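Peer 1:
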Amino acid sequence: MPKPDDVGPNALQWFLSELDRRPGCDRTKDMVRDLLRGMAGQRLFITRRELLQPERLRAARALLDAGFTPTEARREMVARCGFSRDTAERVVGTALRERAVQGAVSRGNR
């Protein structure tokens, strides 16, 4: 009797078939396959937060750069993105800290 894990494609096979099904540049798809080949033998655990954080930070920075106060940016992220207040606060806080670090670095380079 086959084990449940033996039924259907494994995660890598599924990912590669999805990559093939998607429209897009063949060169880009080849680059993704090359990247995966280079990672062979490594175990990866990627959390949802790690995948979403860069896009969330970009959205928070865009609001802050547009002149929103941190409070307004948090409220806007809750309204636009459906984030919880805690998530919005964490993301906006991280964006503010990164902005402060970048400002300090740029002032130090003068």
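Taking the working numbering, the leading residue of the sequence shown gets 10, the next gets one more, and so forth. In this text, a Cβ means the ideal position worked out from N, Cα and C, and glycines have one as well. Quick caveat: nothing in here was measured; it's all calculated off a predicted structure.
Less than 7 Å between the C-beta atoms of V101 and A75, yes or no?
Peer 2: No; because the gap between Cβ atoms is not below 7 Å, this pair is not in contact.
Peer 1: Taking the straight line between their C-alpha atoms, what separation do you get for R31 and R116?
Peer 2: Spanning the two alpha carbons is a distance of roughly 45 Å.
Peer 1: Go to A49, then tell me how far its alpha helix (DSSP H) extends in each direction, as first and last residue.
Peer 2: A49 -> no alpha helix (DSSP H), and no H or E assigned at all.
Peer 1: Could you give the distance in angstroms between the alpha-carbon of R43 and the alpha-carbon of G91?
Peer 2: This sequence places Asp at residue 43; Arg is not what is there. Rounded to the nearest angstrom, the two C-alpha atoms are 36 Å apart.
Peer 1: With H, G and I counted as helix, E and B as strand and the rest as coil, what does DSSP make of L53?
Peer 2: Three-state DSSP puts L53 in coil, outside helix and strand.
Peer 1: Beta-carbon within less than 8 Å of T80's beta-carbon, same chain only, minus the 5 sequence neighbours each way: which residues are those?
Peer 2: Cβ neighbours of T80 beyond the five flanking positions: none.
Peer 1: Return the first residue and the last residue of the alpha helix (DSSP H) that G112 is part of.
Peer 2: From DSSP, the alpha helix (DSSP H) with G112 extends over R94 to G117.
Peer 1: Compare the Cα-Cα distances from A104 to each of S26, L72, I55 and G50 and report the closest residue.
Peer 2: When only C-alpha atoms are compared, the closest one is L72.
Peer 1: Measuring CA to CA, which of R99, G47, A88 and R70 is closest to Q111?
Peer 2: The shortest Cα separation from Q111 among R99, G47, A88 and R70 belongs to R70.
Peer 1: Please determine, among R65, R108, R106 and E107, the residue with the shortest C-alpha to C-alpha distance to V87.
Peer 2: The shortest Cα separation from V87 among R65, R108, R106 and E107 belongs to R65.
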